[in-house]
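Note that numbering that gives the first Met the number 0 has the sequence shown beginning at 0, numbered continuously upward.
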Amino acid sequence: MFKFLYVGLGGALGAILRYSFYFLPIPYNKTIFINILGAIIIGFISYFTKNIKILDHGLILFLTTGLCGGFTTFSTFSLETVELIEKNQFISASLYSLGSIVLSIIGIYIGYYLAKLF
């Protein structure tokens with residue numbers, strides 16, 4: 000049960016941070032900046048917990064699924080792609096990457112279409 004609490008609290012904090020970034024004087028596309036920063040953060044946490052130091056599982060959930068997931072879901076997508084590459088599953092990584100991007104864009108259009116029905 001605490002796992003859900005960790006993810007929820009981290010997600011709330013991540014969403015607040017993402018919203019806050021839109022008020023910063025960043026000269027370029029803020030969404031790209033957020034996605035890249037989120038990928039850096041989740042990459043650091045993933046590498047750190049796998050190779051250097053084991054953190055409490057609740058803290059890992061709070062930081063990765065919660066904070067980074069609330070800050071940007073792109074970071075999770077990027078991490079999963081890198082994990083496939085590290086397992087030498089290059090075709091799976093390519094299909095996952097391409098499929099995620101293309102299907103997400105198609106999903107947006109489906110959402111637009113459904114919204115127009117109302």
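A virtual CB, placed ideally from N, CA and C, is assigned to each residue, including glycine.
Subject >> Nearest neighbour of Leu78, chosen from Phe1, Ala38, Lys2, Tyr18 [CA to CA] >> reply: Ala38
**OP:** Taking 8 Å as the cut-off, decide whether the C-beta atoms of Arg17 and Phe76 are in contact.
**Re:** no
Original post:
In whole angstroms, what separates the C-alpha of Gly7 from that of Ile90?
Top reply: 33 Å
Original post:
So, helix, strand or coil for Phe22, using DSSP?
Top reply: Three-state result, Phe22: coil.
**OP:** For my contact list, Ile33 and Phe20 are in at a C-beta cut-off of 8 Å; report their separation, rounded to the angstrom.
**Re:** 6 Å
Original post:
Of all the beta strand (DSSP E) runs that stay within the bounds of the region 45–76, which reach a length of 3 or more residues?
Top reply: none
Subject >> 8 Å Cβ cutoff met for Phe1 and Gly57 >> reply: Cβ atoms of Phe1 and Gly57: closer than 8 Å.
Subject >> Alpha-carbon spacing of Asn50 relative to Pro24, whole angstroms >> reply: 36 Å
Original post:
Relative to the C-alpha of Thr72, which residue among Ala92, Ile40, Thr48, Ile53 is closest?
Top reply: Ile40
Subject >> Per-residue DSSP class, three states only, for Asn28 >> reply: Correct three-state label for Asn28: coil.
Original post:
What's the C-alpha gap between Ile31 and Gly106?
Top reply: Ile31 and Gly106: Cα-Cα distance of roughly 20 Å.
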